[in-house]
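So the sequence shown is numbered by the working numbering: it starts at 161 and just counts up by one.
Notes follow once the structure below has been shown.
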Amino acid sequence: MARPLTPLPSTLLDRAFTCAEARAAKVTRSRLDAHDLERPSWGLRSTRPASTVDEQTRDLSAILPEGAAFSHLTAARLWRLPLPTPWHRTEPVDVLTGGTPLRRAGIRGHRGLERREVEVLRGLRVTCPVPTWVDLAAVPGFSVEHLVIAGDAFATRDPDLLPRFARAGERAGGRGRRKVRAAAGLIRSGSGSPMETRARLAFGEAGLPEPELNATVHAEDGHFLARVDFLWREARVIVEYEGDQHRTDRRQWQYDIQRVRLLERMGWKVIRITAADLSDPQRRGEVMRTLHDLVG
């Protein structure tokens with residue numbers, strides 16, 4: 161029968177700790193090698209697996225050199241950007257340093273810290289929005305569309321970033337520079353979701369004039385009617401993107417119906433689109449032809 165494990169000191173519970181910390185607290189090597197402890201990286205132990213990217217990065221912070229910062233995909237996750245793949249605790253953590261990149265289990269090292277702006281986000285050193293966005297272009301599988309979606313998310317939070325994205329596109333070099341140049345000029349502030357960005361890009365590809373994003377609509381007497389996803393004000397045309405919540409939430413569905421009726425009574429043409437209207441070539445073509453007829 162296996163002997164029960166020796167309890168760890170209370171100072172090491174519910175967090176990651178270095179093996180050096182544990183030995184200083186009189187924890188034996190055999191206890192550090194026990195099956196109940198996670199091993200995020202060499203020389204590091206934890207009493208629980210990381211359940212979020214914040215926990216994962218905080219755990220690894222204990223073994224990072226001074227001044228290191230989280231970058232690339234990890235920084236994007238910490239910034240809560242919409243990304244094409246979900247986080248998983250087995251995903252390597254991107255760490256930026258000066259000089260030689262880190263080579264450690266669980267870490268994907270990068271160099272160039274001296275060329276990046278860094279700030280502290282929830283207690284973690286993370287590359288700033290624009291360098292984080294530029295670095296995403298070097299992530300395998302990251303497309304121009306993915307970059308625009310990420311850029312829209314940043315710019316919607318802070319419209320003052322728009323000229324900085326434009327400058328980044330003009331100065332782009334290194335891996336992914338073509339994607340950075342292509343995406344920089346397509347970023348806009350006001351997108352409410354990745355699918356709204358995809359719809360906006362589809363309108364542009366179809367040669368439609370740019371709509372206002374998340375714009376307010378008022379009646380002739382000035383009172384507020386609605387905030388809408390896409391607005392061609394002069395043509396009095398509105399496009400609303402209907403995500404799944406509009407279909408599955410009965411209260412939302414009823415509200416949407418009343419809202420559209422109100423706008424149409426006030427002389428607005430409202431077109432409602434779904435993901436299928438963007439992914440299916442035939443349906444997409446029909447939507448774009450309708451919009452061309454309405455807005456030119």
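Glycine included, every Cβ here is placed at the ideal spot set by N, Cα and C.
Do you know whose CA, among the options, lies nearest residue i's CA?
i, options, result
"H232", "P169, E251, A222, K186", "E251"
"V255", "D416, H270, A375, V397", "H270"
"P323", "T234, R348, K339, A313", "R348"
"D312", "D416, P164, A326, E380", "A326"
"A436", "H383, W392, G367, A359", "A359"
"F302", "K339, E277, P291", "K339"
"R240", "R249, W413, D214, P225", "D214"
"R343", "D295, V420, T260", "In the sequence on display, residue 343 carries Ala and not Arg. The shortest C-alpha separation from A343 is found at D295."
Return yes when the Cβ of residue j is within less than 7 Å of the Cβ of residue i, no when it is not.
i, j, result
"T217", "F230", "yes"
"V457", "V397", "The question about residue 457 has no answer here: the residues shown for the chain are numbered 161 through 456."
"V430", "L423", "yes"
"L321", "P369", "no"
"L346", "P371", "no"
"P169", "A185", "yes"
Excluding the 5 residues preceding and the 5 following residue i in the sequence, name in chain order all residues of the same chain whose CB lies nearer than 8 Å to its CB.
i, result
"D219", "R175, A176, P200, L204, S206, A210"
"R335", "A297, A298"
"G266", "P200, S201, L220, P252, V253"
"T188", "T166"
At what residues does the alpha helix (DSSP H) containing residue i begin and finish?
i, result
"W239", "Taken as a continuous stretch (DSSP letters only), W239 belongs to no alpha helix (DSSP H), as it is neither H nor E."
"D174", "Careful: D174 lies outside any alpha helix (DSSP H) and carries neither H nor E."
Which residues mark the beginning and the end of the beta strand (DSSP E) in which residue i is found?
i, result
"G269", "267 to 271"
"F384", "384 to 392"
"V430", "429 to 433"
"E305", "Unbroken run through E305 is the alpha helix (DSSP H), 304 to 317; no beta strand (DSSP E)."
"A375", "372 to 378"
"R285", "284 to 287"
"R205", "204 to 206"
Using a Cβ-Cβ cut-off of 7 Å (strictly less than) and excluding sequence neighbours within five positions of residue i, which residues of its own chain qualify?
i, result
"V388", "A375, V377, I398, E400"
"L192", "C179, A182, R205"
"I223", "T178, S201, G203, L204"
"M426", "A379, L385"
Excluding the five sequence neighbours on either side, which residues of its own chain have a C-beta within less than 6 Å of the C-beta of residue i, listed in chain order?
i, result
"L173", "T207"
Worksheet item: So does the region 306 to 320 actually touch the region 271 to 279, counting three or more Cβ pairs closer than 8 Å?
Response: no
Fill in: Contact between the region 389 to 403 and the region 344 to 362 (3+ Cβ pairs under 8 Å)
yes
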